[in-house]
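Visitor: Take any residue in the sequence shown, count from 1 to its spot, add 4: that is its number in my numbering. The beta carbon of each residue, even a glycine, is placed where N, CA and C say it ideally should be.
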Amino acid sequence: MPPQPRSGTRKPPKDHTSDARLLTEAVTRLRRSLRASIRTDYPWETLPMAQVELLQVLAEHSPARISDLATRQHLAASTVSGLIGQMITAGLVTRDVDSADRRASVVVLTDAGRAQLTAWAQAHERRLGAALAALGAADRDTVRAALPALLRIAEHLDDTGD
5 MPPQPRSGTR KPPKDHTSDA RLLTEAVTRL RRSLRASIRT DYPWETLPMA QVELLQVLAE
65 HSPARISDLA TRQHLAASTV SGLIGQMITA GLVTRDVDSA DRRASVVVLT DAGRAQLTAW
125 AQAHERRLGA ALAALGAADR DTVRAALPAL LRIAEHLDDT GD
């Protein structure tokens, strides 16, 4: 029988490792399910996830240099450059001269890129909305209550990842 905490002593800390493992599993399964279902339910959606993530960054930080995008996404500049080339061909972004340094170039999100990103987000919202609607009220309330903490986790990861 494990020792019981004595009166006035602190309880043993929660096992954050198992919480982290469960959260990792949940996030991984959600991403995989969304990726698979978006291609099935919305066959027009052909953007690779790496391009979607670059569009998301550009929606918040446009214009941006390729080196800044690479740093922000933790990718090699050559990888980002190749993705940007594909996105220029698709009309999702353009390359312009950096107004702060005319020798450098920046990537700018186009109206078509913004529209594609909006359509992508709306498709995911519809899929998640349907999944949430399929849950019972108690589960929906639990998910809703967890959202602020999940967003704080994301902010913490963003802060420590840069």
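Do you know how far the Cα of residue 41 is from the Cα of residue 131?
Guide: For the purposes of this step, residue 131 is taken as residue 127 along the sequence shown, with counting starting at 1. For the purposes of this step, residue 41 is taken as residue 37 along the sequence shown, with counting starting at 1. C-alpha separation (whole angstroms): 8 angstroms.
Visitor: Which of the three DSSP states is assigned to residue 79 in this structure?
Guide: The residue labelled residue 79 in the question sits at position 75 within the sequence shown. Coil, per DSSP.
Visitor: How many Å lie between residue 112 and residue 75 at the Cα?
Guide: Mapped onto the sequence shown, residue 112 falls at position 108. Mapped onto the sequence shown, residue 75 falls at position 71. Cα-Cα distance, rounded: 17 angstroms.
Visitor: Tell me the DSSP secondary structure of residue 122 in three-state form.
Guide: Taking the first residue of the sequence shown as position 1, residue 122 is located at position 118. Of the three classes helix, strand and coil, the one that applies to residue 122 here is helix, per DSSP.
Visitor: Assign residue 72 to one of three DSSP states: helix, strand, or coil.
Guide: Walking along the sequence shown from the start, residue 72 turns up at place 68. In this structure, residue 72 counts as helix in the three-state DSSP scheme.
Visitor: If you run the structure through DSSP and keep just helix, strand and coil, what is residue 109?
Guide: Indexing the sequence shown from 1 puts residue 109 at position 105. DSSP places residue 109 in strand when its eight states are reduced to three.
Visitor: Which residue comes first and which comes last in the alpha helix (DSSP H) that contains residue 58?
Guide: Taking the first residue of the sequence shown as 1, we reach residue 58 at position 54. Start and end: 53-64.
Visitor: Tell me the DSSP bridge mates of residue 97?
Guide: As a working note, residue 97 is residue 93 in the sequence shown. Residue 97 pairs with 113.
Visitor: Pull up the distance between the alpha-carbon of residue 158 and that of residue 139, whole angstroms please.
Guide: Walking along the sequence shown from the start, residue 158 turns up at place 154. Walking along the sequence shown from the start, residue 139 turns up at place 135. Their backbone Cα atoms lie some 24 angstroms apart in a straight line.
Visitor: Can you check which of these residues, 70, 27, 60, is closest to residue 123 by C-alpha distance?
Guide: The count along the sequence shown starts at 1 and reaches residue 123 at position 119. Closest by alpha carbon: 60.
Visitor: On the three-state DSSP scale, how would you describe residue 23?
Guide: Within the sequence shown, numbered from 1, the residue matching residue 23 stands at position 19. Per DSSP, reduced to three states, the secondary structure at residue 23 is helical.
Visitor: DSSP three-state call for residue 67: helix, strand or coil?
Guide: Within the sequence shown, the letter at position 63 stands for residue 67. Residue 67: coil per DSSP, three-state reduction.
Visitor: Go through its chain and collect everything with a Cβ distance to residue 13's Cβ below 8 angstroms, but skip five positions before and after it.
Guide: To locate residue 13, count along the sequence shown from 1; it is residue 9. In this prediction, residue 13 scores a pLDDT of 49, lower than 50, which makes its location untrustworthy; no coordinate-derived value is stated.
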